[in-house]
Each structure stands twice: as structure tokens, then as C-alpha cells.
Amino acid sequence: MADTQQDIDFTIMYATHRAFRRDLRRLAAAVDAGRAGTPEVLAGWENFSRQLDNHHSVEDAALWPQVEAKIKDRPDDQRLMEAMEAEHAELGPRITAVDTALRSGADDLAARIQDLYQVMDHHFGHEEDSALPLINDVLSPAEWRTFGLANARNLGVKGVAVYIPWVADGATAQEQREFLAAFPPPVRAANKLLWQRSYQKKRLWQV
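If you're matching positions, the sequence shown starts at 1 in UniProt numbering and goes up one per residue.
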């Protein structure tokens, strides 16, 4: 392990993955209920797409290169990183397929959502079971934090103001406490006083 004094805290990563899974389940439920074309559902899908694009683009730019620099003499781990990047590439066409079907009202929308969910869920499971332990082994908590800072910079203040309440949306009380505890007090205060209320007004996925 790069830092033997402290393991990396992956709370935010696990919570973000839960939010992505939750949103696709909400989309599938909206299709079943015949309300996939409502403004609230379309806005929920657009936010999901933006969040996933940001999540994976920052991993590709600011996380995987850090890991790859530490595993140049570890071929098995190099293959794992190649798999992570390949799995990211598999998601793009499926997101496009869902988006096209959603906006056109295609009959195979439910099947396309299920296909996207299965590929995404497999990727997240693979990342959680294999890539996160590798990250914990080769990166220090400080190096991990550079990834978090890159994510915040990529989102910008307005993006963070949506990202945090979006992840917390629908989580259990304990999951919310654990997720929010990973941020500094000023961020938690801004979320409580401003961001959460603004996010709720968006009524994502609601009718």
C-alpha cells in the first residue's frame, strides 16, 4: 500500500455508483408507468447522462493515469486498467441508444435501458471488487484526493451544487450521513441551506 498509515475512504465513490444505479431504476419504472416522456423524467435522464459523462471522463483523465504510473511492472494490474477503460467505452453507445429511444418513444426503450443497466452495473461491480482495492494498494490518500479535486474542478461550483444533493437523493439516512460526512463543513452547510432546496425544485424523475 502506498500509505500504510491510512486506507483510502471510498465512501463518495460507492455513493455515486448507487446514485447511477438508482437513476436507471427510476427511468425503467417511468417507462413501465407510461410516463417516460414527461419533462421531469427527461430532466432526470439528462442529469444522469451529464453526471456519468463527468464521472468517467475525470476517471480517465485524473485517476487511471495515476494508477497506471504505479503498475508498470505489474501486467495483471495493467490488464485490469485496460478493462476499466474498455468498459467505459462500452457505455457510450448504450447511453446514445437509450437517449434516442427515449426521445423517439421507441418500443424497445425498456430493453435498451436494461442493457445499459447490466453493462453499467457490471462495470461498477468490477471497479468496486478489483479496481478500488488496487487503488488502495498503489495510491496514497493524498493522491486519491487529487482525483476528488479534479472532479470538483470539472463540475465547477454550479455542478457541485447539483452533484451532492443528487447523490444524496433517495439514499437512506445512514447513507446520507456517511456521504455528506466525507465533505468539509462549509460544503455540508451549503448543501443544507441552498443546494438541497434548489435541487428539490428541479423535481427530477417526479410527476
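Don't be surprised by glycine CBs; every beta carbon is placed ideally from N, CA and C. As the structure is a computational prediction, the values presented were derived from the model and not from experiment.
Note down the Cα distance separating residue i from residue j, rounded to an integer number of angstroms.
i, j, result
"Arg112", "Val119", "11 Å"
"Thr4", "Asn136", "Unreliable positioning characterises Thr4 in this predicted model, as indicated by a pLDDT of 48, which lies under 50. A coordinate reading is not provided."
"Leu204", "Ala43", "6 Å"
"Gln66", "Leu139", "8 Å"
"Tyr14", "Asp108", "30 Å"
"Thr38", "Arg79", "42 Å"
"Val98", "Leu180", "31 Å"
"Trp195", "Leu52", "20 Å"
For residue i, tell me which candidate among the options has the shortest Cα-Cα distance.
i, options, result
"Val41", "Ala28, Thr11, Leu194", "Ala28"
"Arg35", "Ala110, Gln51, Ala19", "Ala110"
"Ile8", "Thr38, Val157, Leu134", "Leu134"
"Glu87", "Arg74, Gly125, Val98, Arg50", "Gly125"
"Ala101", "Arg145, Trp45, Pro75", "Trp45"
Do residue j and residue i count as a contact pair if the criterion is CB distance below 7 Å?
i, j, result
"Arg94", "Asp115", "yes"
"Thr11", "Ala182", "yes"
"Asn54", "Asn154", "yes"
"Val58", "Asn191", "no"
"Leu91", "Phe147", "no"
"Met84", "Ala19", "no"
"Tyr117", "Leu24", "yes"
For residue i and chain D, any beta-carbon pair shorter than 7 Å?
i, result
"Leu27", "No chain D is present in this structure, which holds just one protein chain."
If I follow the unbroken alpha helix (DSSP H) through residue i, where does it start and stop?
i, result
"Lys70", "64-70"
"Leu42", "39-58"
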